[in-house]
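Sequences listed follow chains A and B, in order.
If you read the first sequence in our numbering, its first letter stands for residue 1, the second for the next number, and so on.
If you read the second sequence in our numbering, its first letter stands for residue 1001, the second for the next number, and so on.
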Amino acid sequence: DSGVTQTPKHLITATGQRVTLRCSPRSGDLSVYWYQQSLDQGLQFLIQYYNGEERAKGNILERFSAQQFPDLHSELNLSSLELGDSALYFCASSVAGTGGDEQYFGPGTRLTVT
Amino acid sequence: GENVEQHPSTLSVQEGDSAVIKCTYSDSASNYFPWYKQELGKGPQLIIDIRSNVGEKKDQRIAVTLNKTAKHFSLHITETQPEDSAVYFCAASKDGGFKTIFGAGTRLFVKA
Chain A
1 DSGVTQTPKH LITATGQRVT LRCSPRSGDL SVYWYQQSLD QGLQFLIQYY NGEERAKGNI
61 LERFSAQQFP DLHSELNLSS LELGDSALYF CASSVAGTGG DEQYFGPGTR LTVT
Chain B
1001 GENVEQHPST LSVQEGDSAV IKCTYSDSAS NYFPWYKQEL GKGPQLIIDI RSNVGEKKDQ
1061 RIAVTLNKTA KHFSLHITET QPEDSAVYFC AASKDGGFKT IFGAGTRLFV KA
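Written out as structure tokens, the structure is:
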């Protein structure tokens, strides 16, 4: 158990809908990262937050947004969902949020768009 | 741009044999190289990492080597066991940078 929690574990929704994925980092970690993993694919970095502020952006679609709250939990919002958005979404956390920082991953949320 | 290439994409070994997975990175400023193991239905788990001031690091049956000149690093698993079967990801990042670049992953099968 990494100490990173994600909810829900599974999510099934229809195209065009909007969902919110939630992540709580390990105790003491200030940075949260979001990754997307499509079927049999690698980890695509979406976005990173550090202590409430956006720090780095990857290949995140405009339909997707995220935020980190004062209690350090983070939410990833996915809107106007398409079939291709079906994937595993992982959250990771680290202490300082800089390169060279160990990242610890949560168990993921499996999103299925029908 | 920054890139990490990982080979092979699939590796099948007999139980007890060794397995080697290789990665090459493009950004010469990279100085932190973690390896993650992802079992089916789970999140990636950090299993070992190495920093650029070290050439090799060992943890029981797992070792990682780093060649900064050639910009490549490798994961070595000795005496493989069926429970080593998983997808392994290498990654690279650098102090002061914010992104960790992941390789595409290697699916390791250990046959009993």
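A virtual CB, placed ideally from N, CA and C, is assigned to each residue, including glycine.
Cα-Cα separation, residue i to residue j
{"i": "A:A14", "j": "A:F64", "result": "16 Å"}
{"i": "A:L90", "j": "B:G1016", "result": "It should be noted that the sequence gives Phe, not Leu, for residue 90 of chain A. Each residue's alpha carbon lies about 32 Å from the other."}
{"i": "B:T1024", "j": "B:Y1036", "result": "16 Å"}
{"i": "A:S93", "j": "B:V1110", "result": "30 Å"}
{"i": "A:Y50", "j": "A:Q103", "result": "13 Å"}
{"i": "B:S1030", "j": "B:V1064", "result": "16 Å"}
{"i": "B:F1089", "j": "B:L1075", "result": "10 Å"}
{"i": "A:S2", "j": "B:Q1006", "result": "25 Å"}
{"i": "A:H73", "j": "A:Y35", "result": "15 Å"}
{"i": "A:G58", "j": "A:S80", "result": "19 Å"}
{"i": "B:I1077", "j": "B:A1112", "result": "16 Å"}
{"i": "B:N1053", "j": "A:R18", "result": "46 Å"}
{"i": "B:K1058", "j": "B:L1040", "result": "25 Å"}
{"i": "B:A1019", "j": "B:T1069", "result": "23 Å"}
{"i": "B:H1072", "j": "B:D1049", "result": "14 Å"}
{"i": "A:Y33", "j": "A:I60", "result": "12 Å"}
Contacts of residue i in chain A (Cβ-Cβ under 7 Å)
{"i": "B:S1093", "result": "G99 and G100"}
{"i": "B:N1031", "result": "G100"}
{"i": "B:F1109", "result": "Those within 7 Å of B:F1109 in chain A number zero; the least Cβ separation is about 14 Å."}
{"i": "B:A1104", "result": "G42"}
Under 9 Å between C-beta atoms of residue i and residue j
{"i": "A:G28", "j": "A:V95", "result": "yes"}
{"i": "A:A66", "j": "A:E53", "result": "no"}
{"i": "B:L1108", "j": "B:I1021", "result": "yes"}
{"i": "B:F1102", "j": "B:A1091", "result": "yes"}
{"i": "B:G1043", "j": "A:F105", "result": "yes"}
{"i": "A:R110", "j": "A:L11", "result": "yes"}
{"i": "A:A56", "j": "A:F45", "result": "yes"}
{"i": "B:T1080", "j": "B:V1013", "result": "yes"}
{"i": "A:G97", "j": "B:F1098", "result": "yes"}
{"i": "B:L1026", "j": "B:E1002", "result": "Position check: residue 1026 of chain B holds Ser in this sequence, whereas Leu was assumed. It is a contact, given that the beta carbons lie within the stated cut-off."}
{"i": "A:S24", "j": "A:Q48", "result": "no"}
{"i": "A:L78", "j": "A:L39", "result": "no"}
{"i": "B:S1093", "j": "A:D85", "result": "no"}
Residue i CB to nearest heavy atom of the ligand ADP below 8 Å
{"i": "A:L46", "result": "You won't find the ligand ADP in this model; it holds no ligand whatsoever."}
Contact list for residue i against chain A, beta-carbon separation under 9 Å
{"i": "B:F1089", "result": "G42 and L43"}
Where residue i meets chain B, residues with beta-carbon distance less than 7 Å
{"i": "A:P107", "result": "K1042 and G1043"}
{"i": "A:Q36", "result": "Simply none; closest approach about 12 Å."}
Listed by chain order, chain B residues near residue i by CB distance under 8 Å
{"i": "A:S2", "result": "G1043 and Q1045"}
{"i": "A:Q103", "result": "P1034, L1046 and T1100"}
Practice item. Please name the residues in the region 38 to 55 of chain A whose beta-carbon is closer than 9 Å to at least one beta-carbon of chain B, in chain order. Key: Shown in chain order are the members of the region 38 to 55 of chain A whose Cβ falls below 9 Å from a Cβ of chain B: D40, Q41, G42, L43, Q44, F45, Q48, Y50 and R55.
**Study point:** Residues from the region 1041 to 1062 of chain B in contact with chain A, defined by Cβ distance under 9 Å
**Key:** The region 1041 to 1062 of chain B vs chain A, Cβ under 9 Å: G1041, K1042, G1043, P1044, Q1045, L1046, D1049 and R1051.
Check your understanding: So, do the region 79 to 90 of chain A and the region 1 to 21 of chain A have three or more beta carbon pairs nearer to each other than 8 Å?
Key -> The region 79 to 90 of chain A makes contact with the region 1 to 21 of chain A: 3 or more CB pairs, one atom from each, lie closer than 8 Å.
Exercise for review: Check distances from the C-beta atoms of the region 55 to 76 of chain A to those of chain B and list, in chain order, the residues that come in under 8 Å.
Suggested key: For the region 55 to 76 of chain A, the beta-carbon criterion of a distance under 8 Å to any beta-carbon of chain B is satisfied by R55, A56 and G58.
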